[in-house]
Amino acid sequence: MSAAPNPVFQKTDRGPRDTAAVDDTTTAKVDAPDGAAPGPWARLVGNPRAMLLVAAVLIAIVSAAVTGSGAWPADLTVDVRSPLDDLNRWLVDNRTTHPLFLYFLLHISNTAESSVDGVLSVLESLGFIGVTVAAVLIAWYAGGAGLRRRALRTAATALATFAVIGLLGMWEPAMETLALMVVAVTVSAIVGALLGLAAGLSDRCQRVLRPVFDTMQVLPAFSYLLPFVLLFDIGIPSVFVATVIYAAPPMARLTALGLRGADAAALEASASLGASSWQRLVTARLPLARKQMLLGLNQTIMMCLSMVVLASMIGAGGLGDEIFTALSTVDVGLALPAGIAVVLLAIWLDRTTAAAGEQLEDPAAGRPAKWWVLWPGIVAAVAGGAVLGAVLGRKEWPEAWTVAISEPVNTVVDWIERELGSGVPVLGGTLTWSEGFANWVINPVRDALLATPWWALLLVAGVLALRTGWRAVVTVVLSLAAIGAMGLWDRSLDTLSQVLAALVVTLLLGFGIGILAARVARVERVIRPVLDIMQTMPQFIYLIPVIALFSGGRTAAVAAAVVYALPAVVRITTQGIRQIDPSALEAARSLGAGTGQQLRQVQLPLARPALQLAVNQGVVLVLAIVVIGGMIGGGALGVDVVRGLAKGDLGLGMTAGIAIVCLGLLLDRISQPSAAAKERALA
Amino acid sequence: MTHSKRIRTTLVAGVGALGMLALSACAADTGSKSASDEITLTVPSWVGARANAEVAKVIMEQELDVKVELQQLDEPVAFDALNNGKADAILEDWGGSPKKEKLYVEDKKTIVKGGDLGVVGHIGWFVPKYYADANPEVTDAKNLNKFVKDFKSANSGEQGEFLGAAPSYTTYDEHLVKNLKLDLKIKETGNEAAQIKEIQQKYRDKQPFITYWWDPQWLNADIDLVEVKLPAYEEGCNVPETATDCAYANTPLQKYLNADFAKDGGDAAEFIKNFKWTTEAQNEVAKAIAKDKMSGPDAAEKWVKANKSTWEAWLPKK
Numbered sequence: 078m079s080a081a082p083n084p085v086f087q088k089t090d091r092g093p094r095d096t097a098a099v100d101d102t103t104t105a106k107v108d109a110p111d112g113a114a115p116g117p118w119a120r121l122v123g124n125p126r127a128m129l130l131v132a133a134v135l136i137a138i139v140s141a142a143v144t145g146s147g148a149w150p151a152d153l154t155v156d157v158r159s160p161l162d163d164l165n166r167w168l169v170d171n172r173t174t175h176p177l178f179l180y181f182l183l184h185i186s187n188t189a190e191s192s193v194d195g196v197l198s199v200l201e202s203l204g205f206i207g208v209t210v211a212a213v214l215i216a217w218y219a220g221g222a223g224l225r226r227r228a229l230r231t232a233a234t235a236l237a238t239f240a241v242i243g244l245l246g247m248w249e250p251a252m253e254t255l256a257l258m259v260v261a262v263t264v265s266a267i268v269g270a271l272l273g274l275a276a277g278l279s280d281r282c283q284r285v286l287r288p289v290f291d292t293m294q295v296l297p298a299f300s301y302l303l304p305f306v307l308l309f310d311i312g313i314p315s316v317f318v319a320t321v322i323y324a325a326p327p328m329a330r331l332t333a334l335g336l337r338g339a340d341a342a343a344l345e346a347s348a349s350l351g352a353s354s355w356q357r358l359v360t361a362r363l364p365l366a367r368k369q370m371l372l373g374l375n376q377t378i379m380m381c382l383s384m385v386v387l388a389s390m391i392g393a394g395g396l397g398d399e400i401f402t403a404l405s406t407v408d409v410g411l412a413l414p415a416g417i418a419v420v421l422l423a424i425w426l427d428r429t430t431a432a433a434g435e436q437l438e439d440p441a442a443g444r445p446a447k448w449w450v451l452w453p454g455i456v457a458a459v460a461g462g463a464v465l466g467a468v469l470g471r472k473e474w475p476e477a478w479t480v481a482i483s484e485p486v487n488t489v490v491d492w493i494e495r496e497l498g499s500g501v502p503v504l505g506g507t508l509t510w511s512e513g514f515a516n517w518v519i520n521p522v523r524d525a526l527l528a529t530p531w532w533a534l535l536l537v538a539g540v541l542a543l544r545t546g547w548r549a550v551v552t553v554v555l556s557l558a559a560i561g562a563m564g565l566w567d568r569s570l571d572t573l574s575q576v577l578a579a580l581v582v583t584l585l586l587g588f589g590i591g592i593l594a595a596r597v598a599r600v601e602r603v604i605r606p607v608l609d610i611m612q613t614m615p616q617f618i619y620l621i622p623v624i625a626l627f628s629g630g631r632t633a634a635v636a637a638a639v640v641y642a643l644p645a646v647v648r649i650t651t652q653g654i655r656q657i658d659p660s661a662l663e664a665a666r667s668l669g670a671g672t673g674q675q676l677r678q679v680q681l682p683l684a685r686p687a688l689q690l691a692v693n694q695g696v697v698l699v700l701a702i703v704v705i706g707g708m709i710g711g712g713a714l715g716v717d718v719v720r721g722l723a724k725g726d727l728g729l730g731m732t733a734g735i736a737i738v739c740l741g742l743l744l745d746r747i748s749q750p751s752a753a754a755k756e757r758a759l760a
Numbered sequence: 011m012t013h014s015k016r017i018r019t020t021l022v023a024g025v026g027a028l029g030m031l032a033l034s035a036c037a038a039d040t041g042s043k044s045a046s047d048e049i050t051l052t053v054p055s056w057v058g059a060r061a062n063a064e065v066a067k068v069i070m071e072q073e074l075d076v077k078v079e080l081q082q083l084d085e086p087v088a089f090d091a092l093n094n095g096k097a098d099a100i101l102e103d104w105g106g107s108p109k110k111e112k113l114y115v116e117d118k119k120t121i122v123k124g125g126d127l128g129v130v131g132h133i134g135w136f137v138p139k140y141y142a143d144a145n146p147e148v149t150d151a152k153n154l155n156k157f158v159k160d161f162k163s164a165n166s167g168e169q170g171e172f173l174g175a176a177p178s179y180t181t182y183d184e185h186l187v188k189n190l191k192l193d194l195k196i197k198e199t200g201n202e203a204a205q206i207k208e209i210q211q212k213y214r215d216k217q218p219f220i221t222y223w224w225d226p227q228w229l230n231a232d233i234d235l236v237e238v239k240l241p242a243y244e245e246g247c248n249v250p251e252t253a254t255d256c257a258y259a260n261t262p263l264q265k266y267l268n269a270d271f272a273k274d275g276g277d278a279a280e281f282i283k284n285f286k287w288t289t290e291a292q293n294e295v296a297k298a299i300a301k302d303k304m305s306g307p308d309a310a311e312k313w314v315k316a317n318k319s320t321w322e323a324w325l326p327k328k
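For the protein sequence lines, the chains are A and B, in the order given.
The numbering used here puts the first sequence at residues 78 to 760.
The numbering used here puts the second sequence at residues 11 to 328.
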């Protein structure tokens, strides 16, 4: 156990568990690698669902060719914007007078604000020396304290993180972000743990809560910032509430998973000793679920961090604010230090929680010294650091100790834009590709979607969802119908065409890289840090380079989505292929299968559940970035959400947000592993 | 045994953290700020507005001993922030949120006007000079449909592409295109940085384009754009919005103050009311920030050093 566990940066919380489910049908094929399986046509005819799908697609194509336009009929639309606009006006008018606000929401809002302010003033009064000492010591403690390698390594990570943040001149905004993080993570973790407890202990709660968590996961965070802005006004409180809602589900889900997955024998033993159900919970089930809960906490922290940056649009301040400001001058060099600071904070928090997890896992590696010795020691050291800073008169990071990296970065970015944009001989450069991609991929998909009659699309979507189960069919058809009913049919299909294009590119690249990484260990080592950075770097940062390379527009939006979703797909693919039973591969090898044959006939079929999960995660992540896509010329629903948020127009922003959610539900349900596989994985 | 100890450790740590939270919350409440020693200015995403805010910050911190916080907020939400006291002043408003203006300034009276900034904003439709020189006719909106083929892109299909404004900006383009029966499709560029990058790129490659654009704007020092003539602006020609068929009005940019701050803000409030400079001055600072990549405070400092006589008039009379 020398290496740190796989960093859990991904947004998924379905966990690698799903990959354990292996289809029986696929195992059967391994035994006969030389094509004893029936031919593709015979298989198709033998499968009624596939035939149904073919029929539905044919109907869609024919009807599209005949009618040529599939617009949602105007008389089937419902005016949802007017009531939303009314609600908007009511909220603005009553925000300071209505009892709902005075006696409830305002309290939440004030508590959130004063807690964040309070933590910030604590951080400020500790000074940069005190904060660094505290961060290093906490990391050291999480790593097991003492002089063991793990403890020292985590402590060193913390030290490096804060030193670099200071050097980059990002100390002040980083503290603002950290203050908000501390409060948001604390509350998200508590809320998540309580919900998880409910879902883990009661089957009814589990049934009620699971779809809620599912929905939370496909909801793009941006789309629910707006209602909170209206309820809590701009600034910290709405950011706080939105963040908690965004970040609590992984904690809840993993807590529930941990409680349910507790070893039956251990519970049995505890029951036989006469423990009451409460005692059993506290002494057996909760301790056994610790590892999952810690994993949940880790993911909650990562999600909080990404949300806190996003929320700079509604006045959250901190690092996100720096990035956003730098963008107004199209200055990547200025935005990058803040981006690096975010990534470093993420690495520090990830390594610290991961180390704590390892510590839990093998307590035999040495018990830390008694906590009543350690904690007062840590507190004393932090206080000492703070006093030292105060005595030296150095509470803020000294300005002389900063390094400006913006100029060299801008030089590099300029060079890349100039040389790769259009200067590449023969290949033509990224700008030409961008236009080609729009012309040959996105446009045909969009035109085809727009040409297909609405009822034919509903039919195809319904049939596609059949594999997952009847409930999925209902969800899918209703989602699509809701989009039409809101009058957003055309704009949603425009967005859908971009999402599909991004998904195809992501999957092609992701599977390719993932398979390569699974087979060649060196590749995996090289790309792992790159993937980490891609996933934690706030999306605002690559806005400008992406525009420069692909010119603003739908291709740029697709590129941004690919960058964001690729790491998770690569990771899940690699993991899925790695986890295949080595004996199956050995058997194939002994039969003389070449590399290609091994891959096609053993590894890929066996890793199918993992690949399916990768597709599903790809969908969720691509959708999460539609709004960012809107900000770089993707238009359609994304830009409507941004406009709604910026102009405080609930009718516009909310309907577009709901449409994105509907698209999310649609794609999520279609791409989900089949109901049976999922039951097996989550049971 | 070890389990229960670990739980206890966790509990103690948790209680400790919560206690600290609670304590610090109390501490924050007692340290409430008095009216004028710490204020917040909103800064929308364009650079000109940042120039105002940075200069105001430097002078207020040096001369009035007021700590100034700059908060990044787009124009429409800035009104909400002023209304609830989260921010104290907007230095540059382009009149883009008439509904909020009416609600807060006229009806609720939580926000008061702070007078002109001295800079006149002008929004319009622009094409690059190299293209206008080759096609003089393009500078009149009546002839635009003849040039549609030049503006075509992969995004716009058979229509011409029009580079649109950032989502939060004041714009009637959608209605103008419709009411003037132009064969243009607006590309929602999504934010100002995206729009600028695209303009810079097209300008470098000498491609034709037509865009929503405005003055003052730092990029105007770098590139030559020619305005396309739209039907002349007349009072009320953009009411209601959907009926707009005329050019954008010239907007003397406005300052707004939170009502309580305006009343009790003392020197700080008076200074902001007095703050008034010229388009050239603003552009000088904006260009230092955007083009010369100086930091906001440095650019402001430089201007403040060189223009003492201008800003001395803004200081409150003793």
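Beta carbons: idealized from backbone N, C-alpha and C, even for Gly.
Note that the structure is predicted; figures quoted are calculated from it, not measured.
With a threshold of 16 other CB atoms inside 10 Å of the CB of residue i, please say whether the residue is buried or exposed.
i, result
"Asp-84 (chain B)", "buried"
"Thr-672 (chain A)", "exposed"
"Ser-483 (chain A)", "buried"
"Asp-427 (chain A)", "buried"
"Ile-590 (chain A)", "buried"
"Gly-92 (chain A)", "Low per-residue confidence applies at Gly-92 (chain A): pLDDT is 40, beneath 50, and the placement is therefore not dependable, though the value from the model is reported in the following sentence. Burial call: buried."
"Leu-31 (chain B)", "Any reading at Leu-31 (chain B) must be qualified, since the residue scores a pLDDT of 48, below 50, and its modelled position is unreliable; the value itself is stated next. Buried, because 16 or more other Cβ atoms sit within 10 Å of the Cβ of Leu-31 (chain B)."
"Phe-181 (chain A)", "exposed"
"Ser-383 (chain A)", "buried"
"Lys-188 (chain B)", "exposed"
"Ser-159 (chain A)", "exposed"
"Ser-192 (chain A)", "buried"
Name the residue from the options whose alpha carbon lies nearest to the alpha carbon of residue i.
i, options, result
"Val-640 (chain A)", "A:Gln-749, A:Ala-137, A:Leu-421, A:Val-582", "A:Val-582"
"Pro-237 (chain B)", "B:Asp-308, B:Ala-142, B:Glu-171, B:Tyr-179", "Correcting the residue type first, residue 237 (chain B) is Glu in the shown sequence and not Pro. Ranking B:Asp-308, B:Ala-142, B:Glu-171, B:Tyr-179 by Cα distance to Glu-237 (chain B) puts B:Ala-142 first."
"Asp-255 (chain B)", "B:Glu-244, B:Leu-263, B:Thr-261, B:Pro-262", "B:Glu-244"
"Asp-302 (chain B)", "B:Val-137, B:Trp-228, B:Lys-207", "B:Trp-228"
"Leu-740 (chain A)", "A:Ala-559, A:Pro-686, A:Leu-676, A:Tyr-619", "A:Ala-559"
"Ala-204 (chain B)", "A:Glu-601, A:Asp-408, A:Pro-326", "A:Asp-408"
"Val-597 (chain A)", "A:Met-328, A:Ala-270, A:Thr-651", "A:Thr-651"
"Met-611 (chain A)", "A:Arg-648, A:Gly-629, A:Gly-630", "A:Arg-648"
"Thr-377 (chain A)", "A:Ser-300, A:Gly-728, A:Met-258, A:Gly-462", "A:Met-258"
"Thr-199 (chain B)", "A:Ile-702, A:Asp-717, A:Leu-278", "A:Asp-717"
"Gln-436 (chain A)", "A:Leu-203, A:Gly-220, A:Ile-654", "A:Gly-220"
* On the three-pair Cβ rule with 8 Å, is the region 427–437 of chain A touching the region 225–245 of chain A? -> yes
* To do: Assess, as a yes-or-no matter, whether the region 389–402 of chain A is touched by the region 573–587 of chain A under the definition of 3 or more beta carbon pairs within less than 8 Å.
  => no
* Enumerate, from N- to C-terminal direction, the unbroken alpha helix (DSSP H) stretches of 4 or more residues contained entirely within the region 330–378 of chain A. => List check, alpha helix (DSSP H) in window: 341–349, 354–357.
* Asked: Which whole runs of the alpha helix (DSSP H) in the region 667–727 of chain A are 4 residues long or more, in chain order?
  -> Listed in chain order, they are 672–675, 685–701, 703–706, 713–724.
* Proximal residues, the region 59–84 of chain B versus chain A, C-beta separation under 8 Å -> Arg-60, Gln-81, Gln-82, Leu-83, Asp-84
* To do: Ignoring anything shorter than 4 residues or poking outside the region 124–211 of chain A, list the alpha helix (DSSP H) runs there in chain order.
  => 125–144, 158–171
* Asked: Listed from N- to C-terminal order along the chain, which residues in the region 263–287 of chain B have their beta-carbon within a distance smaller than 8 Å of any beta-carbon of chain A?
  -> none
* Asked: Should the region 182–196 of chain B be called in touch with the region 143–155 of chain B, which here means at least 3 C-beta pairs below 8 Å?
  -> These segments touch.
* Touch check for the region 705–713 of chain A and the region 526–545 of chain A: three-plus C-beta pairs under 8 Å? -> no
* With contact counted as at least three CB pairs below 8 Å, one residue from each stretch, are the region 67–74 of chain B and the region 165–178 of chain B in contact? -> no
* Asked: With contact counted as at least three CB pairs below 8 Å, one residue from each stretch, are the region 277–291 of chain A and the region 672–688 of chain A in contact?
  -> As far as the Cβ criterion goes, the region 277–291 of chain A does not touch the region 672–688 of chain A, which means the pair count is below three.
* Near-chain A residues of the region 293–306 of chain B - C-beta to any C-beta below 7 Å -> Taking 7 Å as the Cβ-Cβ cut-off against chain A, the residues of the region 293–306 of chain B that qualify are Ile-299, Ala-300, Lys-303.
* Asked: Relative to chain B, which residues along the region 617–639 of chain A have a C-beta separation below 9 Å, given in chain order?
  -> Residues of the region 617–639 of chain A with a C-beta less than 9 Å from any C-beta of chain B: Leu-620, Ile-621, Ile-624, Ala-625, Ser-628, Gly-629, Gly-630, Arg-631, Thr-632, Ala-633, Ala-634, listed in chain order.
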